[in-house]
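Chemist:
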Amino acid sequence: MTKDYKRFDTPDGDSVSHQEHLSRKSSLKIVAFCAVVFSTVSVAACFITLPLVFDYVQRLQANVRSEVDFCKVGVCSFAINQASFFADGNAKLVEGAVGNGRRCAHRSCTNRPCA
Numbered sequence: 195m196t197k198d199y200k201r202f203d204t205p206d207g208d209s210v211s212h213q214e215h216l217s218r219k220s221s222l223k224i225v226a227f228c229a230v231v232f233s234t235v236s237v238a239a240c241f242i243t244l245p246l247v248f249d250y251v252q253r254l255q256a257n258v259r260s261e262v263d264f265c266k267v268g269v270c271s272f273a274i275n276q277a278s279f280f281a282d283g284n285a286k287l288v289e290g291a292v293g294n295g296r297r298c299a300h301r302s303c304t305n306r307p308c309a
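Position 75 of the sequence shown, counted from 1, bears residue number 269 in this note's numbering, the numbering being contiguous throughout.
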């Protein structure tokens with residue numbers, strides 16, 4: 195004797211048996227569970243990696259700023275050396291390069307005394 199299972203209509207208009215319906219339902223539960231786990235893991239990864247990336251960018255910015263300041267001091271020292279070379283009569287004097295407190299004529303020094 196065969197059992198006559200209740201038939202279910204799908205949105206496509208197909209008619210499926212009760213067992214097929216249960217198997218589809220359980221497979222969709224597995225897919226939904228995997229989707230929730232994947233999204234939870236991805237959100238947790240964002241909470242971990244975004245602060246790490248932000249910290250790295252801040253350290254990189256501070257490093258670059260330090261290197262730029264070092265280069266500015268080097269340019270000022272170079273300008274002072276060149277100004278003293280020109281002031282010794284070896285060539286024309288660079289206007290504004292030598293004066294009170296030996297000020298730099300280079301635009302990156304903004305005409306402040308060099309260290």
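We put the beta carbon where it would ideally sit given N, CA and C, even for glycine.
Where does S221 sit, in a helix, a strand or coil, going by DSSP?
Modeler: Helix at S221.
Chemist: Do you know offhand how far N275's Cα is from V258's?
Modeler: If I take the Cα positions, the gap works out to 26 Å.
Chemist: For A277, does the count of other Cβ atoms within 10 angstroms reach 16, so buried, or fall short, so exposed?
Modeler: It is buried - the Cβ of A277 has at least 16 other Cβ atoms within 10 Å.
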